[in-house]
Amino acid sequence: MKNAIFIVFKTLIALVLVGKVLNWFLDFSYGTNQLLNAAMFSLIGIAYLVVGFAWDSKLTKVVFITCGLFLIAMNFFEKNTILTIVGIICILTPMLIGRFYKEKEVELNTLEI
Numbered sequence: 000m001k002n003a004i005f006i007v008f009k010t011l012i013a014l015v016l017v018g019k020v021l022n023w024f025l026d027f028s029y030g031t032n033q034l035l036n037a038a039m040f041s042l043i044g045i046a047y048l049v050v051g052f053a054w055d056s057k058l059t060k061v062v063f064i065t066c067g068l069f070l071i072a073m074n075f076f077e078k079n080t081i082l083t084i085v086g087i088i089c090i091l092t093p094m095l096i097g098r099f100y101k102e103k104e105v106e107l108n109t110l111e112i
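For the sequence shown, the residue numbers in numbering that gives the first Met the number 0 are 0 to 112.
Next comes the structure, spelled out in C-alpha cells:
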C-alpha cells in the first residue's frame, strides 16, 4: 500500500513539474497557474508532514509538521507579502534542517568505523 501511495505522490509531483515547465512555453491562464501553484505547495506540505513524523527529535518534528501545515493552509488565504515570506521560510527551513542533520549523521557514522 505504501508503494502505491508513493507512486501516486511521485506521479502528481511529476505532473505539476511538467505543468510548470509547459507554462513557460504555452502561457497558461491565471486560473491554471493558481491551480498548479496550489498543487505544488500542497504536495510540498504533504511531503513535509510525512517526513516530519519520521524524525526522532520532537523539535524537528514540530518544525517539519508546522511548515507542512502552513504550506497547505496558505493556499486558502489571500496572498500578501507576509504570507509569501513565511512560505519561503517554511520551504527552506526543513531543507536546511535535513541538510545539516545528514552531515551530523555522516560524521557520527565515520567515527564509529
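Beta carbons are placed, not taken as given, at the ideal position from N, Cα and C, and that holds for glycine.
(request) Just confirm the distance between the C-beta atoms of Y47 and P93, as a whole number of angstroms; I'd bet it's less than 8 Å. (result) Here the question's residue 47 lines up with position 48 in the sequence shown. Here the question's residue 93 lines up with position 94 in the sequence shown. Yes, Y47 and P93 are in contact; Cβ-Cβ is about 5 Å, under 8 Å.
(request) With a 10 Å radius around its C-beta and 16 neighbouring C-beta atoms as the bar for buried, classify M0 as buried or exposed. (result) As a first step, residue 0 must be located in the sequence shown, where it is residue number 1. With fewer than 16 Cβ atoms within 10 Å of its Cβ, M0 is classed as exposed.
(request) Along the alpha helix (DSSP H) that carries F69, what are the first and last residues, could you check? (result) Translated into the one-based positions of the sequence shown, residue 69 becomes position 70. Note, F69: alpha helix (DSSP H), 57–72.
(request) Taking 8 Å as the threshold, find out whether the stretch 32–41 comes into contact with the stretch 63–72 through three or more Cβ pairs. (result) yes
(request) For F27, name the three-state secondary structure that DSSP assigns. (result) Along the sequence shown, one-based indexing puts residue 27 at 28. It is coil, neither helix nor strand.
(message) Is the separation between the beta-carbon of T59 and that of I96 shorter than 9 Å?
(response) What you label residue 59 is simply residue 60 of the sequence shown in a count that begins at 1. What you label residue 96 is simply residue 97 of the sequence shown in a count that begins at 1. Result yes, Cβ atoms of T59 and I96 sit closer than 9 Å.
(request) For L165, count neighbouring Cβ atoms within 10 angstroms of its own Cβ and tell me buried if that reaches 16, exposed if not. (result) Since the first and last residues shown for the chain are 0 and 112, residue 165 lies out of range.
(request) Label L110 either buried or exposed according to how many other C-beta atoms from any shown protein chain fall within 10 Å of its C-beta, with 16 as the threshold for buried. (result) Counted from its first residue, the sequence shown places residue 110 at position 111. For L110, the predicted structure reports a pLDDT of 49, less than 50, and the residue's modelled location is therefore unreliable. The matter cannot be settled from this model.
(message) What does the alpha-carbon distance come out to for the pair L14 and S56?
(response) Here the question's residue 14 lines up with position 15 in the sequence shown. Here the question's residue 56 lines up with position 57 in the sequence shown. Rounded to the nearest angstrom, the two C-alpha atoms are 33 Å apart.
(message) Suppose you measure from the CA of E77 to the CA of N2; what does that come to, to the nearest Å?
(response) Translated into positions along the sequence shown, residue 77 becomes position 78. Translated into positions along the sequence shown, residue 2 becomes position 3. Between E77 and N2, the C-alpha separation is close to 35 Å.
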